Each structure stands twice: as C-alpha cells, then as structure tokens.
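Worksheet for the structure shown next.
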Amino acid sequence: MPNLRRGDAELVLGGRRFTLRLTLGALAELEAAFAAESLDDLGRRFASGALSARDLVRLLGAGIRGGGADLSDEEVAALPLGEGLEAVADAIARMLLQAFGSGGDRSPRP
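What follows is the structure in structure tokens.
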C-alpha cells in the first residue's frame, strides 16, 4: 500500500499492484543509468519532458524496486500496460514530483 507522506505512487501493471518509491538507492541507480553528475542534473533531465520508452522503463524499474518489488528492467519492460501508457506516465510523474518537488522549471512530467 502506498504511503503518500513517503512519496509513494501506485500503479497496476500486468494485473499486479506496485508501489513506486524513489529511495536514495533508486536515485543513485537513476544517476548511473542516465549518466547524471548530480540530482539537479537528473531533475533537469526529467523536467525536459523528452523521455524515451527506455527512459520510462528505467524510471519505472527504479521506482518499483524502491517500492520493494524485485524486478529487473527487462521484467518491468515485459509487463502489459493494462491501464495504458498515460497511467504509467502519470504514476511516474507523481513519483518524480514527490522526489524533486513541483517548483518552477524542475517539474518533471514524462
């Protein structure tokens, strides 16, 4: 069950309910995956809105693992989008807004 105070978002994929959470470990994973030098670099990348499907898989994978599920990016990529891509993008955006805030030009929205 998601804890909104902790910055969780919830998403159903492949008939399974997942909690998405950006832990410090998940953020470090994303820094490495996106070759970001800092959290500010990472936030700017996400705020640009120019994300590929591969980027969404990385974000979703890190969030799912941060939420406690043990799935690889390959397993995440294979999950059916039962609620559609818009639901995935919305859940990722909520997760990013919790981690990076909603101020100014740093508001991420995939």
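First residue of the sequence shown: 251, per our numbering; consecutive thereafter.
Glycine included, every Cβ here is placed at the ideal spot set by N, Cα and C.
These numbers come from a predicted model, not from an experiment.
(request) Give me whichever residues DSSP pairs with Glu260 in a beta bridge. (result) Thr269
(request) Examine the ligand FAD and report whether any of its heavy atoms sits within less than 7 Å of the Cβ of Ile342. (result) No copy of the ligand FAD appears in this structure; indeed no ligand is present at all.
(message) Measuring straight from C-alpha to C-alpha, what distance separates Ala327 and Leu263?
(response) 10 Å
(message) Between which residues of its own chain and Met345 is the CB-CB distance below 8 Å, once the five residues before and five after are set aside?
(response) Gly257, Asp258, Ala259, Leu270, Arg271, Leu272, Leu309, Gly313
(request) Ignoring anything shorter than 4 residues or poking outside the segment 266–346, list the alpha helix (DSSP H) runs there in chain order. (result) 274–283, 289–297, 303–316, 323–328
(message) Could you compute how far the alpha carbon of Asp320 sits from the alpha carbon of Ser288?
(response) 26 Å
(request) Could you round the C-beta distance between Leu292 and Glu281 to whole angstroms and report it? I think they count as a contact, below 8 Å. (result) 6 Å
(request) Find the nearest neighbour of Arg267 within the set Ala337, Leu347, Ser298, Asp323, judged by alpha-carbon distance. (result) Ala337
(request) Determine the closest residue to Leu277 out of Asp340, Gly311, Gly334, with distance taken between C-alpha atoms. (result) Gly311
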